[in-house]
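Numbering (the UniProt record's numbering), first residue to last: 1 to 494.
In this text, a Cβ means the ideal position worked out from N, Cα and C, and glycines have one as well.
Here's the structure we're looking at; comments come further down.
Put into structure tokens, the structure is as follows:
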């Protein structure tokens, strides 16, 4: 990989696919693309607005919205706009700046990609032996192309690369579809037995075409002389360089590397140099798929046959039971049918109602066992239950909280003397009371005027006149030293 500016720059051209108002942006770009395919490259704002309004989905669409959408797409470099001066007759019309819009090159390719994605499951992939035959014929023309003119060589080279790209993409997509979860699930159904023969014949036909053509193509590429190859690739490069391009800087080195890389891809796909080539991997993957399909079909056939045989056995057993004259005879028959052939032993802490050894199985109460599957994905069904009423517990918790708050307030009121709590004159206090006093102190220190309010709404300020002095506050869990401050409660209105 070679890091370039094109590789590292953000692609703002794809923003319209996932931005706000994506429905409007994508419809506008589709209108431009459809006109582009009809060789109508330039469009006016009025043309876009009329095309949008023609669909009932945009019945409420306004001209102002159309102008804003076009400006956004032009800002993201999806549209190229130029001011149209041909329709200008007055200075006011020139100042209004009527624009013509055209799709950028990136936007054309993005819309083509989006169309392919939309039709991905409609078109599908395939394995066509005809592509291999066409590639074989074109590879055999290397010697003749060394003597042909550049136009003929370039057309032949383009056909060869297009066929190779289609073959490569189609086989990868088709094998991927056969290995997908959806295909796996389909292979486990009975309907697959009807479809199986056609699929196997299709894959075997492709394998025959692969065997028939790959060997010939490999021989042609191995025996191709280096001089002929260089002559052909040089003609392709010369024709590429002779094509006039607008606003595109042609780099001969990059073109040469790209042409050489395409030939090496074709060569490595068919020719094995000390290892397995891509054609061999495709051959093995197709054979594995045929074996897999056959295995699934055999499993389905065995399953259906097994079910039919068991049905016959159950029908025979039911007819035997119907011929029994009494319940005792039926019990004896059940012991023969179910007990001797495949007995089931259940272990557990079963409590018998009697210890008599003469008591039979049918005379005692049945025991119930819950059998759970031994798989990781098994989960027991949750039982729905009504919402429990916790109103009594909530009321009790609320009452307890109110009592605690009242007790804390009474303790704080006892510490207050003449509207002031002096930390230097505090008695031994509880940890909870200390937390409340220090919180009040912290709230006041965070304020510029050193004022704050308690939880019950009383306003207070800090008296810091003796802040240089130190005092010791005694608590039940220890003592600590702090500046000698006081909390002074303010009357309302002061």
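Close Cβ partners of residue 442 (< 7 Å) along its chain, the five nearest in sequence each way excluded: The residue labelled residue 442 in the question sits at position 442 within the chain shown. Within the same chain, residue 442 has no close Cβ partners at all.
Residues that residue 481 bridges to, as DSSP identifies them: In the chain shown, the residue the question calls residue 481 occupies position 481. Note: residue 481 sits in a beta bridge opposite 472.
I'd like the span of the beta strand (DSSP E) that includes residue 333, first residue to last. Taking the first residue of the chain shown as 1, we reach residue 333 at position 333. Looking at the DSSP string, residue 333 is not in any beta strand (DSSP E); the run it does join, the alpha helix (DSSP H), is 327-334.
Among the candidates 146, 278 and 128, whose CA atom is the shortest distance from the CA of residue 226? Reading the chain shown from its first residue, position 226 is the one you call residue 226. Measuring from the Cα of residue 226, the nearest candidate turns out to be 146.
So, helix, strand or coil for residue 324, using DSSP? For this step, residue 324 is matched to residue 324 along the chain shown. Here residue 324 sits in coil by DSSP.
Beta-carbon contacts of residue 58 that lie in its chain and below 8 Å, excluding the five residues immediately before and after: By 1-based counting over the chain shown, the position of residue 58 is 58. Around residue 58: 24, 27 and 52.
Taking Cβ positions, are residue 471 and residue 486 nearer each other than 7 Å? Taking the first residue of the chain shown as position 1, residue 471 is located at position 471. Taking the first residue of the chain shown as position 1, residue 486 is located at position 486. Between residue 471 and residue 486, the C-beta spacing is not below 7 Å.
What span of residues does the beta strand (DSSP E) with residue 80 cover, start to end? As a position in the chain shown, residue 80 is number 80, starting the count at 1. First-last of the beta strand (DSSP E) with residue 80: 79-83.
Note down the Cα distance separating residue 347 from residue 367, rounded to an integer number of angstroms. The residue labelled residue 347 in the question sits at position 347 within the chain shown. The residue labelled residue 367 in the question sits at position 367 within the chain shown. CA-CA distance, residue 347 to residue 367, rounds to 11 Å.
Measure from the alpha carbon of residue 280 to the alpha carbon of each residue in 375, 383, 171 and 369, then state which is nearest. For the purposes of this step, residue 280 is taken as the residue at position 280 of the chain shown. Just measuring C-alpha positions, the residue of 375, 383, 171 and 369 sitting nearest residue 280 is 171.
On the criterion of 16 or more Cβ atoms from any shown chain inside 10 Å, does residue 210 qualify as buried, or is it exposed? Working through the chain shown from its first residue, we reach residue 210 at position 210. Burial check for residue 210: the Cβ neighbour count within 10 Å reaches 16 or more, so the residue is buried.
Since residue 44 and residue 116 are thought to touch, with beta carbons under 8 Å apart, how far apart are those beta carbons, to the nearest angstrom? As a first step, residue 44 must be located in the chain shown, where it is residue number 44. As a first step, residue 116 must be located in the chain shown, where it is residue number 116. A Cβ-Cβ distance of about 29 Å is found for the pair residue 44 and residue 116, leaving them out of contact under the 8 Å criterion.
What is the rounded straight-line gap between the Cα of residue 241 and the Cα of residue 251? Locating residue 241 in the chain shown gives position 241, where the first residue counts as 1. Locating residue 251 in the chain shown gives position 251, where the first residue counts as 1. About 9 Å.
Report the CB separation of residue 460 from residue 489 in whole angstroms; it is logged as a contact under 8 Å. Numbered from its first residue, the chain shown carries residue 460 at position 460. Numbered from its first residue, the chain shown carries residue 489 at position 489. Confirmed, about 5 Å.
Looking at residue 137 and residue 217, is the spacing between their C-beta atoms short of 7 Å? As a first step, residue 217 is located in the chain shown; it is residue number 217 there, counting from the start. As a first step, residue 137 is located in the chain shown; it is residue number 137 there, counting from the start. Between residue 217 and residue 137, the C-beta spacing is not below 7 Å.
So who's on the other strand from residue 462, going by DSSP bridges? Walking along the chain shown from the start, residue 462 turns up at place 462. The partner list for residue 462 (beta bridge, DSSP) reads 487.
Can you tell me whether residue 452 is helix, strand or coil according to DSSP? The residue labelled residue 452 in the question sits at position 452 within the chain shown. Strand, per DSSP.
Could you say if the stretch 465-481 and the stretch 411-427 meet the contact criterion of at least three C-beta pairs nearer than 8 Å? Under the Cβ criterion (8 Å, minimum of three pairs), the stretch 465-481 counts as touching the stretch 411-427.
Would you mind listing the alpha helix (DSSP H) stretches within the stretch 208-244 that are 4+ residues and don't spill past its ends, in chain order? Counting whole runs of 4 or more residues, the stretch 208-244 contains the alpha helix (DSSP H) stretches 226-242.
Which same chain residues end up closer than 7 Å to residue 215 when comparing Cβ atoms and leaving out the 5 residues on each side of it in sequence? Residue numbering aside, residue 215 sits at position 215 when the chain shown is read from its first letter. Correct list: empty, nothing qualifies.
Kindly indicate the opening and closing residues of the beta strand (DSSP E) around residue 421. Counting from one through the chain shown, the residue named residue 421 turns up at place 421. If you look at residue 421, you'll find it in the beta strand (DSSP E) that goes 420-422.
Whole-angstrom C-beta distance between residue 259 and residue 236, which should lie under 8 Å: The residue you call residue 236 lines up with position 236 of the chain shown. The residue you call residue 259 lines up with position 259 of the chain shown. Right, the Cβ-Cβ distance comes to about 5 Å (below 8 Å), so this counts as a contact.
Residue 369 - containing alpha helix (DSSP H), residue span: Your numbering for residue 369 matches position 369 in the chain shown. Looking at the DSSP string, residue 369 is not in any alpha helix (DSSP H), and its letter there is neither H nor E.
Alpha helix (DSSP H) containing residue 270: first to last residue? By one-based count along the chain shown, residue 270 stands at place 270. For residue 270, the enclosing alpha helix (DSSP H) starts and ends at 252-270.
Give the secondary structure of residue 44 by DSSP, where H, G and I count as helix, E and B as strand, and everything else as coil. Taking the chain shown and counting its residues from 1, one reaches residue 44 at position 44. Three-state DSSP puts residue 44 in a strand.
Going by alpha carbons, who is nearest to residue 191 out of 447, 389, 297 and 376? Sequence index remark: in the chain shown, residue 191 carries index 191 (1-based). Nearest in C-alpha terms to residue 191, of all of 447, 389, 297 and 376, is 297.
Can you give me the Cβ contacts of residue 156 inside the same chain, cut-off strictly under 7 Å, excluding the 5 residues immediately before and after it? Walking along the chain shown from the start, residue 156 turns up at place 156. Excluding sequence positions up to five before and after residue 156, its CB lies within less than 7 Å of the CB of 138, 141 and 145, all in the same chain and listed in chain order.
Under a three-way DSSP split, which group does residue 417 fall into? Looking up residue 417 in the chain shown gives position 417. In this structure, residue 417 counts as strand in the three-state DSSP scheme.
Quick one: what does DSSP say residue 60 is sitting in, helix, strand or coil? On the chain shown, position 60 is the one that residue 60 refers to. Correct three-state label for residue 60: coil.
Rounded to whole angstroms, what's the CA-CA distance from residue 5 to residue 80? Just pull it up for me. The sequence position of residue 5 within the chain shown is 5, counting from 1. The sequence position of residue 80 within the chain shown is 80, counting from 1. About 22 Å.
Which residue marks the beginning of the beta strand (DSSP E) containing residue 102, and which one marks its end? On the chain shown, position 102 is the one that residue 102 refers to. Per DSSP, residue 102 belongs to the beta strand (DSSP E) from 99-103.
From 327, 107 and 76, residue whose alpha carbon lies closest to that of residue 34: Counted from its first residue, the chain shown places residue 34 at position 34. For the options 327, 107 and 76, the alpha carbon positioned closest to that of residue 34 is the one of 107.
What three-state label does DSSP hand residue 122 in the structure shown? Numbered from 1 along the chain shown, position 122 holds the residue referred to as residue 122. Model confidence at residue 122 stands at a pLDDT of 41, short of 50, so the residue's coordinates are unreliable; what they give is reported in the following sentence. Residue state, collapsed to three classes: helix.
Which ranges does the alpha helix (DSSP H) cover as unbroken runs of at least 4 residues, wholly within the stretch 120-201, from first to last along the chain? Whole alpha helix (DSSP H) segments, 4+ residues: 120-123, 129-139, 142-145, 150-178 and 181-187.
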